[in-house]
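Below is one structure, written out as structure tokens; the observations come after it.
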Amino acid sequence: MQTIFKRSPWFGLRVIVLMLFSFALMVMDHQWNRFHQLRAFLSVIVLPIQYTVSTPFKIFSWLKNSAMSQQQLVSENAELRAHQLLLSAQLQRMLILKQENTQLKQLLHSGHYVKEKMMIASLLSVETNPHSQTILLNRGTNRHVFQGQPVLDGYGVMGQVVEVEPYTSRVLLITDPQSAVPVQNYRNGLRAIAVGKGPAPELTLLYVPETSDIQVGDLYVTSGLDGIYPAGYPVGKVTYFGREKSSRFAEVILSPAAHINSTQHVILLSPKSHVPSTAGGKPDA
Amino acid sequence: MHNFNHSLVSRHKGLPFWLMWIVALCLTILPLSPKAALWMPFWVLGLLMVRVLKQSLQGQLLLVAITGLVLDLLHGNLLGTHVIALVIPLYFLGHYSGRIRSVTVVQQAVWIGILSLVYAGVLYWIIKYSGIGTPKILWPAVVTTALIWPWIAKCGNTS
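Protein chains in written order, with my numbering: chain A, 24 to 308; chain B, 158 to 316.
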């Protein structure tokens with residue numbers, strides 16, 4: 024066993040060189056877009072670690088589902104059938120509304136009909152690093168995932184893809200303080216910007232005048248003005264609306280519509296086609 | 158009083174170092190609630206500290222560089238962030254290793270706490286000024302790293 028270590032005269036220099044090299048790497052990673060290709064290549068190396076961590080949780084979830092009793096399954100099945108019936112009824116009404124909307128858009132010579140393509144992805148891991156609120160999905164460039172792609176769950180907007188690697192992609196959640204989503208009030212159309220309040224699972228609206236017509240329980244949906252999130256997807260509901268003493272603006276807190284902490288599967292949205300509308304054209308059914 | 162020198166001479170057969178290294182990396186990205194994640198110890202730093210106390214930093218620079226890069230890839234940080242954050246406290250640990258090895262485990266835990274604070278501080282500073290991510294307070298992780306040090310030291314020495 025070595026108890027007294029001989030210090031090489033070049034050791035300090037080697038440490039400084041390593042730090043300078045790391046600093047250079049950071050600058051290149053930050054500034055140089057081509058560096059992302061190297062990063063994507065290197066990310067494949069850590070993929071086994073990510074799968075190793077997520078596998079026990081998936082097995083546990085599978086076992087939990089497998090252990091459900093017959094009675095539970097029958098009861099859940101009945102509940103789902105009732106829910107499906109309700110949704111079918113709502114869908115019938117939606118089809119009529121969609122047709123009406125299309126006709127109105129044609130009358131107004133509105134720009135585009137946007138049809139979205141959807142892809143299901145599973146959560147590989149949730150980022151526990153307190154510096155950022157991100158999740159890792161099991162879809163990457165191999166499945167045509169792209170940077171800026173909106174991500175939803177069955178209830179609302181979850182975030183957008185910020186980093187794409189060959190087999191995985193990282194999603195910045197809307198609750199991260201670096202995330203900003205243009206939204207509008209579903210009741211009265213009032214527009215605002217919703218930013219995350221992470222690590223708290225909440226959002227806040229920026230620069231909302233105190234006199235705004237906002238009520239607790241109001242639903243905010245995406246306005247589509249940023250060109251990233253398509254319009255009309257639920258973002259969150261107002262849980263607090265009050266005056267800030269130190270500011271001219273009101274404080275508005277939203278609770279995210281998406282089940283950010285419990286979702287296992289998410290939907291990746293991508294505009295399938297941008298079909299220019301023509302007067303008298305066939306409505307997009 | 159049990160001290161580090163005593164545990165150094167123990168020759169128990171334990172997990173090989175590379176396996177403990179992988180386990181530490183897995184523990185780092187374990188999905189936890191945001192509140193619990195704040196108290197997650199710096200597993201990888203702890204393991205490297207044991208290694209440096211045992212074998213000095215001189216032969217471990219490549220291991221530190223690789224570990225830092227892997228942590229950056231796992232966390233989605235700029236490449237090099239964790240290398241710098243690891244090298245600084247480990248350099249000081251290597252410098253004062255003689256003194257730290259000769260004190261009791263409790264006193265070692267205090268040293269480890271201080272060096273973990275340096276690690277957390279460097280990480281906080283880099284993330285804040287690079288503009289990638291939002292830095293948060295990391296002191297709970299510093300406290301837990303110091304608290305679990307006796308256990309990490311014991312596990313690390315049996316490898």
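Glycine included, every Cβ here is placed at the ideal spot set by N, Cα and C. Fair warning: this is a prediction, and the values are worked out from it, not measured in the lab.
Residues of chain B with CB closer than 7 Å to the CB of residue i, please, in chain order.
i, result
"Val69 (chain A)", "Val227, Leu230 and Leu231"
"Phe34 (chain A)", "Gln215"
"Val76 (chain A)", "Cys183, Ile186 and Leu187"
"Ile197 (chain A)", "Within chain B, no residue comes near Ile197 (chain A); the closest Cβ sits about 14 Å away, beyond 7 Å."
Quick one: does residue i have its CB under 8 Å from some CB of chain A?
i, result
"Gln265 (chain B)", "no"
"Gly237 (chain B)", "yes"
"Ile179 (chain B)", "yes"
"Pro191 (chain B)", "yes"
"Ala222 (chain B)", "yes"
"Val244 (chain B)", "yes"
Return the CA-CA distance between residue i and residue j, expressed in angstroms with no decimal places.
i, j, result
"Arg208 (chain B)", "Val279 (chain B)", "21 Å"
"Leu130 (chain A)", "Arg57 (chain A)", "46 Å"
"Leu235 (chain B)", "Glu188 (chain A)", "15 Å"
"Phe80 (chain A)", "Leu195 (chain A)", "22 Å"
"Phe161 (chain B)", "Leu304 (chain B)", "Low per-residue confidence applies at Phe161 (chain B): pLDDT is 44, beneath 50, and the placement is therefore not dependable, though the value from the model is reported in the following sentence. Cα to Cα, Phe161 (chain B) sits roughly 15 Å from Leu304 (chain B)."
"Val2 (chain A)", "Gly182 (chain A)", "Any property of residue 2 (chain A) remains undetermined from this structure, which presents chain A solely from 24 to 308."
"Gln113 (chain A)", "Gln93 (chain A)", "30 Å"
"Trp306 (chain B)", "Gln265 (chain B)", "8 Å"
"Ile166 (chain A)", "Leu70 (chain A)", "Looking at the sequence itself, residue 166 (chain A) is Arg, so the reference to Ile does not match. Their backbone Cα atoms lie some 16 Å apart in a straight line."
"Gly255 (chain B)", "Lys285 (chain B)", "34 Å"
"Tyr190 (chain A)", "Val67 (chain A)", "8 Å"
"His282 (chain A)", "Lys260 (chain A)", "13 Å"
"Thr262 (chain A)", "Pro191 (chain B)", "21 Å"
"Leu109 (chain A)", "Glu102 (chain A)", "11 Å"
"His106 (chain A)", "Asp241 (chain A)", "24 Å"
"Trp268 (chain B)", "Val204 (chain A)", "45 Å"
"Leu172 (chain B)", "Asn284 (chain A)", "34 Å"
"Thr227 (chain A)", "Arg271 (chain A)", "15 Å"
Just checking: is the beta-carbon of residue i within a distance shorter than 8 Å of some beta-carbon in chain B?
i, result
"Gln183 (chain A)", "no"
"Gly134 (chain A)", "Bear in mind that the predicted position of Gly134 (chain A) carries a pLDDT of just 47, short of 50, making it unreliable; the figure below should be weighed with that in mind. False, the Cβ-Cβ gap to chain B never drops below 8 Å."
"Arg266 (chain A)", "no"
"Glu186 (chain A)", "yes"
"Ala302 (chain A)", "Only weak support is given to the placement of Ala302 (chain A): the predicted model assigns it a pLDDT of 38, under 50, and the question is left unresolved by the model."
"Leu277 (chain A)", "no"
"Phe80 (chain A)", "yes"
"Arg62 (chain A)", "yes"
"Gln66 (chain A)", "In the sequence under discussion, the amino acid at residue 66 (chain A) is Ser, which differs from the Gln named in the question. So, interface residue."
"Met49 (chain A)", "yes"
"Pro253 (chain A)", "no"
"Pro205 (chain A)", "no"
"Pro257 (chain A)", "no"
"Pro173 (chain A)", "no"
"Gln25 (chain A)", "For Gln25 (chain A), the predicted model reports a pLDDT of 45, less than 50, meaning its position is unreliable; a value from the coordinates is still stated below. Closer than 8 Å to some Cβ of chain B, the Cβ of Gln25 (chain A) qualifies, so yes."
"Pro222 (chain A)", "yes"
Checking 8 Å against the spacing of the C-beta atoms, do residue i and residue j come in under that value?
i, j, result
"Ser155 (chain A)", "Gly233 (chain B)", "yes"
"Gly270 (chain B)", "Thr224 (chain B)", "no"
"Gln287 (chain A)", "Ser145 (chain A)", "yes"
"Ile72 (chain A)", "Leu182 (chain B)", "yes"
"Tyr256 (chain A)", "Val184 (chain A)", "no"
"Gln207 (chain A)", "Tyr243 (chain A)", "yes"
"Val240 (chain B)", "Ser273 (chain B)", "no"
"Thr323 (chain B)", "Leu228 (chain B)", "Only positions 158 to 316 of chain B appear in this structure, which leaves residue 323 (chain B) out of reach."
"Ala280 (chain A)", "Val258 (chain A)", "yes"
"Arg204 (chain B)", "Arg258 (chain B)", "At residue 204 (chain B) the sequence reads Leu, which differs from the Arg that was named. No, they are not a contact pair."
"Ile197 (chain A)", "Gly219 (chain A)", "yes"
"Leu230 (chain B)", "Leu65 (chain A)", "yes"
"Leu160 (chain A)", "Leu147 (chain A)", "yes"
List the residues of chain B that residue i touches, going by C-beta distances under 9 Å, in chain order.
i, result
"His53 (chain A)", "Leu235, Ser287, Gly288 and Ile289"
"Thr191 (chain A)", "Simply none; closest approach about 10 Å."
Can you list the residues of chain B that residue i reaches, using a CB-CB cut of under 8 Å?
i, result
"Phe46 (chain A)", "Gly237 and Ile241"
"Thr157 (chain A)", "Gly233"
"Gln73 (chain A)", "Ile186 and Leu231"
Can you pull the chain A residues whose beta carbon is under 9 Å from the beta carbon of residue i, in chain order?
i, result
"Leu218 (chain B)", "Phe34, Arg37, Val38 and Leu41"
"Val275 (chain B)", "By Cβ distance, chain A contributes nothing, its closest Cβ being about 14 Å from Val275 (chain B), past 9 Å."
Please compile the residues from chain A whose C-beta is within a distance smaller than 7 Å of the C-beta of residue i.
i, result
"Tyr248 (chain B)", "Val38"
For residue i, would you say it is in contact with chain D, using Cβ-to-Cβ distances shorter than 8 Å as the test?
i, result
"Val279 (chain B)", "Looking at the structure shown, chain D is missing, and the protein chains on hand are A and B."
Per the contact definition of three or more C-beta pairs closer than 8 Å, is the stretch 35-50 of chain A in contact with the stretch 235-246 of chain B?
The answer is yes - the stretch 35-50 of chain A touches the stretch 235-246 of chain B, with three or more Cβ pairs under 8 Å.
Counting Cβ pairs closer than 8 Å, one from the stretch 165-185 of chain A and one from the stretch 243-254 of chain A, do we hit at least three?
As far as the Cβ criterion goes, the stretch 165-185 of chain A touches the stretch 243-254 of chain A, which means the pair count is three or higher.
Tell me whether the stretch 139-149 of chain A and the stretch 200-217 of chain A touch, counting them as touching only if at least three CB pairs, one residue from each stretch, are closer than 8 Å.
No: fewer than three Cβ pairs fall under 8 Å.
Are at least three pairs of beta-carbons, each pair with one atom in the stretch 247-254 of chain B and one in the stretch 208-220 of chain B, less than 8 Å apart?
Taking one beta carbon from each stretch, the stretch 247-254 of chain B and the stretch 208-220 of chain B have 3 or more pairs nearer than 8 Å; the two touch.
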